Amino acid sequence: MVDMKSAFFELTLNIMIRMIAGKRYSGDGSGKIGGVASFQEMVKESVKVSGSTNAADFVPLLRWIGQNKLESHLKTLQMKREKFLQDLIEKHGSITSHRENKTLIDVLLSHPETEPEYHTDQIIRGLVQLIMLSAGSDATSGTMEWALSVLRNNPEALKKAQEEIDFQIGQSRLITDSDLGQLPYLQAIINETFRMYPVSPFISLHESSEECTVEGFGIPRGTLLLVNLWAINYDPEIWEEPTKFKPERFMNLEDQR
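Here this note's numbering runs 489 ahead of the position in the sequence shown, where the first position is 1.
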């Protein structure tokens with residue numbers, strides 16, 4: 490049995506690491522960047538912790554009586570991530586690169602004298618972390634796994650997507666991002682997968698930048714906002730038969746506006 494979750498995770502992580510550092514990320518010790526298992530564990534822990542509720546955010550008094558374990562856990566996790574990323578930057582910076590295709594780290598390290606405030610290790614770590622964790626390897630691989638599952642359980646949709654690809658692109662090459670405009674049904678499958686299986690049931694915490702009113706409820710400036718994405722995606726007032734996989738709901742949306 491093939492573990493598709495791990496396979497998709499390593500695929501997406503390799504793509505991002507190739508863009509960031511120009512190397513492959515592997516745990517086989519073959520001269521590539523090692524430690525895929527440990528980094529995967531960090532990503533899983535990051536996703537798990539980011540979806541947790543910190544009682545001290547709502548009852549500040551708890552911070553003063555030691556009930557702030559989540560924040561302590563986040564700090565420890567962040568230290569591990571920063572060490573991993575700093576090692577990646579230092580290893581990359583110690584090698585003179587003559588590649589025509591520059592990596593993200595190449596670009597960020599190339600002009601430290603002209604704009605030093607934008608080329609510190611801290612800024613670089615933050616950007617790399619944003620791409621690898623927020624944009625992320627776990628989110629992308631999870632969505633790919635769900636897409637594979639829904640297509641396996643909806644063979645008629647799989648057949649229709651394959652026919653569209655064969656007609657528009659053919660079988661002589663792989664699909665690229667620029668082809669998606671010619672593949673509306675495939676794009677609809679992607680959108681329906683996003684709707685049915687969001688990366689997280691809740692959008693990460695936001696803060697209101699100004700006072701506003703939503704559905705009659707007053708929201709002061711600076712209020713922590715937690716949006717229930719799952720409830721929106723499965724609201725029968727918005728989606729017809731929300732529990733069913735229906736890519737067609739995303740077809741011809743421009744004509745409906």
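Think of the CB as a built atom: it goes at the ideal place given N, C-alpha and C, for glycine as much as any other residue. Predicted model, so just to flag it, every value in this text is computed and none were measured.
Between Leu669 and Leu675, the gap from beta carbon to beta carbon is short of 9 Å.
In this structure, DSSP gives Leu713 an extended state, which the three-state scheme calls strand. Distance from Asn717 to Pro690 at the Cβ level is roughly 7 Å; contact confirmed, criterion being Cβ atoms closer than 8 Å.
In this structure, the straight-line span from the alpha carbon of Glu696 to that of Glu645 is close to 43 Å. Under DSSP, no beta-bridge partner is assigned to Phe573. Counting the other Cβ atoms within 10 Å of the Cβ of Phe497 gives 16 or more, which makes it buried. Between Met508 and Thr632, the gap from beta carbon to beta carbon reaches 9 Å or more. Taking Gln671 as reference, the option from Ala650, Thr682, Glu681, Ser661 with the minimal CA-CA separation is Ala650. At the C-beta level, Val532 and Ser626 come within 9 Å of one another. Scanning its chain for C-beta atoms nearer than 8 Å, with the 5 sequence neighbours on each side dropped, one finds around Asp724 the residues Pro731, in chain order. Counting the other CB atoms within 10 Å of its CB gives Ile612 a total below 16, which places it among the exposed residues. In the three-state scheme derived from DSSP, where H, G and I count as helix and E and B as strand, Phe498 is classed as helix.
For Val703, there is no enclosing alpha helix (DSSP H); the residue is found in the beta strand (DSSP E) stretching over 701-703. Per the coordinates, the alpha-carbon of Pro673 lies some 16 Å from the alpha-carbon of Arg684. Between Leu713 and Val548, the alpha-carbon positions lie close to 13 Å from each other.
In the three-state reduction of the DSSP assignment, Ile727 falls in the coil class. Distance from the CA of Leu502 to the CA of Gly707, rounded to the nearest whole angstrom, comes to 42 Å.
For Phe734, the three-state secondary structure derived from DSSP is coil. By the criterion of a C-beta distance shorter than 7 Å, Glu534 is surrounded in its chain by Leu566, once the five residues flanking it on both sides are discounted. Counting only residues of its own chain and dropping the five nearest sequence neighbours on each side, Ser630 has a CB closer than 6 Å to the CB of Phe497, Phe498, Thr501. In this structure, the straight-line span from the alpha carbon of Glu700 to that of Ser661 is close to 55 Å.
Comparing alpha carbon positions, the residue from Asp595, Glu530, Lys494, Arg614 closest to Gly511 is Asp595. Around the beta carbon of Ile727, a 10 Å sphere encloses fewer than 16 other beta carbons of the protein chains shown; the residue is thus reported as exposed.
Between Glu652 and Lys735 a beta carbon distance of about 18 Å is seen, past the 8 Å cut, so the two are scored as non-contacting.
In the DSSP assignment, Glu696 forms a beta bridge with Leu713.
A straight line joining the alpha-carbon of Leu715 with that of Glu560 spans about 18 Å.
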